[in-house]
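In my numbering, the protein residues as written are 45 to 487.
What follows is one structure encoded as C-alpha cells, with my remarks underneath.
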Ligand code: AMP
C-alpha cells in the first residue's frame, strides 16, 4: 500500500456533512407531511436487489441497466445490483407482500439513496437520493394529475421558484408500436447524422433518441414525427383528461411531445419537472398555461414519473395499473442552498453543564441525560478538564445558566448554578437541579 495513501469517497459519491443535513431534513419533513395528507404509507426496500428485477422492468437495453448499474455476483453466486431507482423494488415488494389483495389503491412513498454508474458532473452523481410516490391499483386519469400535483405542492412548499412541468403521453401497446415504426422509418435515411449512442438506439430502443441531448441529434429530433399525433383513442382521451384535471387545479404545464423517460416500463402519461427563469436564454421562452413565459434554467430535471400500467404484471403480479414519480434530492438541496432556505438554526441552548474531577464528570454524564429527558437544551464539554475553557464555551453559546459541579459539590450532593447574565452564583441540591432550572427558564 502506498505510504501517502489518502482515502476518499468513491468517484461521484459524497459525504452529507452536518451543515447540509438541515436541507435533507427540511425536504424529508415536507415530503412526509404531504405523503401523510395524501394517505401514502412509507416503504423501505433493501439497497440490493436481484439484478434481473431491473433488467426486466427498466429494460435491458436502457442506459440505466446497460451502462449504469452496479451489479455483481455474491460469494453465494447470486447476481445482485445496487438499486438504480425505487419503482421496480417497490413493485416487487407490493407483489411479494400480498399488497395486491389489499383494498386498492395502495399508495407508497420512499426516501433514500440510489446508485448509477454515470459520468459524474454537476447535478449528476453515482450515489444520489430520491424521494417518490407510487400508486398501485388505480387506473383513473385523475391519479396521473394528482401525482404531478403532489410533486408540484412539495416544490411550492419548499419555495422553489418558477416550476415547469413538462408532460407527454408515450402511448400504450396499441399505439406505441406503430409510432416506433414510424420513427424508425423516419430515421432510416438520417442514421449517419446521429451521434454514436443514437445509432445504437435506432436499432435497440428507438424512442430513446428523442431524449438525446447531443447537439447534432437536435435538428433530426425536432423534425421527427410526434407521438401525440399517433395516439390511439384511449390514450388520447386519457391525455386530454389529465390535462383538463391540471387546468382545473390551475397547475401550469408545457406539452413536450418529445418527452420520453429513460425507463422502458412507462406507458401513457409521462412528466418531468424543472425549475425555470423568466428570462429567455436565446431558445425562446416556453409558454405556460395562463400566459406565463418561462425558460428552463437547468437542463436537468428535478423530478420525473408517469404511468406504468404493465409493470406489476411484467414482474409476475396481476394486471394492476400504477402511476408514480421520483425526485432527485441533491438537485433540490442545491436550489435550497442557493436561496438559503434551510430551517432555522438549532434551538437555542439554555444551560451549560461544567465539571471538575472524575466523580463530577460521572455525575454530569447522568444529569445531562436528565436534562434531555426534561426537554431542556443543554450543552457540555465532558471531554475538557479545564473549568476556564468550559466556561468560555458556555459564554460562546450564550446560555442563561451554567451549572458547575466540582469534586466537593459532587460529594455533598449539591451543584453551583451561575446566572451568566448577572454573574450571581448559588448552590442548589443536585437532585433538584432539573426542576430548579425548569422553573428559572420559565421566568
Ligand atoms: P429517474 O429515475 O431517472 O427518472 O430520475 C428521477 C430524478 O432523480 C431526476 O429527475 C433527477 O432529479 C434525479 N436523478 C436521476 N439521476 C441522477 C443522478 N445521477 N444524480 C443526481 N440526481 C439524479
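Think of the CB as a built atom: it goes at the ideal place given N, C-alpha and C, for glycine as much as any other residue.
If you're wondering where the values come from, they're calculated on a predicted model, not measured in any experiment.
Residue 52 - DSSP class collapsed to helix/strand/coil: When secondary structure is reduced to three states using DSSP, residue 52 falls in the coil class, being assigned neither helix nor strand.
Between the CA atoms of residue 137 and residue 101 - distance to the nearest angstrom: Rounded to whole angstroms, residue 101 and residue 137 show a C-alpha spacing of 14 Å.
7 Å Cβ cutoff met for residue 306 and residue 108: Yes; because the gap between Cβ atoms is below 7 Å, this pair is in contact.
Rounded separation between residue 163 and residue 106 - CA only: Answer to the nearest angstrom: the Cα atoms are 16 Å apart.
Member of 185, 139 and 220 whose CA lies at the smallest distance from the CA of residue 308: Residue 308 has its Cα closest to that of 220, out of 185, 139 and 220.
Distance between residue 296 and residue 130 (C-alpha atoms, nearest Å): When rounded, the distance between both Cα atoms is 27 Å.
beta-carbon residue 112 near ligand 1 non-hydrogen atom, thresh 6 Å: Checking every heavy atom of ligand 1 against the Cβ of residue 112, none is found closer than 6 Å.
Buried/exposed call for residue 67, threshold 16 Cβ in 10 Å: For residue 67, the number of other beta carbons within 10 angstroms of its own is at least 16, and it is reported as buried.
Backbone secondary structure at residue 86 - three-state DSSP: The answer is strand: DSSP assigns residue 86 an E or B state.
Cβ pair residue 126, residue 118 closer than 7 Å: No, the pair does not count as a contact, with Cβ atoms beyond the cut-off.
Status (buried if at least 16 other CB within 10 Å, exposed otherwise) for residue 398: Only buried fits residue 398, as 16 or more other CB atoms lie within 10 angstroms of its CB.
Whether residue 250 touches residue 227 by CB criterion (7 Å): Going by C-beta atoms, residue 250 is nearer than 7 Å to residue 227.
Which of helix, strand or coil DSSP assigns to residue 394: The answer is coil: DSSP assigns residue 394 none of H, G, I, E or B.
Contact test: residue 348 Cβ vs ligand 1 heavy atom, cutoff 6 Å: Result yes, Cβ under 6 Å from ligand 1.
Residue 400 - DSSP class collapsed to helix/strand/coil: Coil, per DSSP.
Beta-carbon spacing of residue 344, residue 167 below 7 Å: Their beta carbons are under 7 Å apart, which means residue 344 touches residue 167 by this criterion.
Any non-hydrogen atom of ligand 1 closer than 6 Å to residue 372 Cβ: Residue side-chain check: residue 372 places its Cβ nearer than 6 Å to a non-hydrogen atom of ligand 1.
Whole runs of the beta strand (DSSP E) within the stretch 98-175, excluding any shorter than 3 residues: Runs of the beta strand (DSSP E) lying entirely within the stretch 98-175, each at least 3 residues long, are 115-117, 123-126 and 150-159 in chain order.
Sub-7 Å separation of residue 380 and residue 454 beta-carbons: Pairing residue 380 with residue 454 gives a Cβ-Cβ distance that is not under 7 Å.
CB of residue 485 within 7 Å of CB of residue 394, strictly: Yes. Within cutoff.
Inside the stretch 57-85 only - alpha helix (DSSP H) runs reaching at least 4 residues: With a minimum length of 4 residues, the continuous alpha helix (DSSP H) runs that stay inside the stretch 57-85 are 62-81.
Simplified DSSP state of residue 247, which is helix, strand or coil: The DSSP-derived three-state label of residue 247 is helix.
Residues near residue 414 by beta carbon distance below 6 Å, same chain, minus five either side: So the qualifying residues of the chain are 478.
Stretch-stretch touch, CB-based, cutoff 8 Å, three pairs: the stretch 232-241 with the stretch 284-296: No, the stretch 232-241 is not in contact with the stretch 284-296.
Rounded straight-line distance, which links the Cα of residue 447 to that of residue 94: Going from the Cα of residue 94 to the Cα of residue 447 covers about 56 Å.
For residue 239 and residue 247, the rounded distance between their alpha carbons: Cα to Cα, the separation comes out at about 13 Å.
Residue 302 beta carbon near ligand 1 (any heavy atom closer than 6 Å): It does not: the Cβ of residue 302 is nowhere closer than 6 Å to a heavy atom of ligand 1.
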